[in-house]
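Here's the structure we're looking at; comments come further down.
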Amino acid sequence: MLDECKALANETRLRVLEWLKEPDVHFPERGGETAELGVCVGLIQQKAGTSASTISAHLAILQRAGFLCATRRGQWIYYRRDDARIRAFTEQLHRVL
1 MLDECKALAN ETRLRVLEWL KEPDVHFPER GGETAELGVC VGLIQQKAGT SASTISAHLA
61 ILQRAGFLCA TRRGQWIYYR RDDARIRAFT EQLHRVL
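Okay, structure coming up:
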C-alpha cells in the first residue's frame, strides 16, 4: 500500500488520474478507433506540459502502482485507468485508516 500512496504523492500524477477519469472531456481530440484503448502518451504529455521523459516516468509509476493499464498499438502507447484497482485501493485505505 505504501507504493500506491507514493504514486499518488505527486500533483502531476494526480492530475493524470483525474483527466483519465473522464477522457472524453479532457482529451476531446483523441480519435475514433483508438478511443477504447485509452489516451495516447502524446496527448497526456501535451496537457501536462512536461517533457516526454518526465510524463513517461509519471505514467510508469502509476502503472506499477496498478492505477493505469497500458496498451501498445504500433509505436503508440495508450493509457487508461484501472478503476477496479483504484476502488480496491481506496477501500483498503479506508479499512486501514
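When the letters of the sequence shown are read in order and numbered with full-length UniProt numbering, they come out as residues 1 to 97.
Every residue, glycine too, gets a C-beta built ideally from N, C-alpha and C.
Reference residue i; option with closest CA among the options
| i | options | result |
| --- | --- | --- |
| S51 | L2, Q63, T12 and L97 | T12 |
| T34 | R72, I61, G49 and K47 | R72 |
| C69 | H26, R95, K21 and G31 | K21 |
For residue i, the first and last residue of its enclosing alpha helix (DSSP H)
| i | result |
| --- | --- |
| A60 | A52 to R64 |
| G42 | V41 to A48 |
| L2 | L2 to L8 |
Start-to-end residues for the beta strand (DSSP E) that takes in residue i
| i | result |
| --- | --- |
| A70 | L68 to R73 |
Backbone secondary structure at residue i - three-state DSSP
| i | result |
| --- | --- |
| R80 | strand |
| A35 | helix |
| P23 | helix |
Checklist entry - Do the region 38-58 and the region 82-94 meet, that is, are 3 or more Cβ pairs less than 8 Å apart? => result As far as the Cβ criterion goes, the region 38-58 does not touch the region 82-94, which means the pair count is below three.
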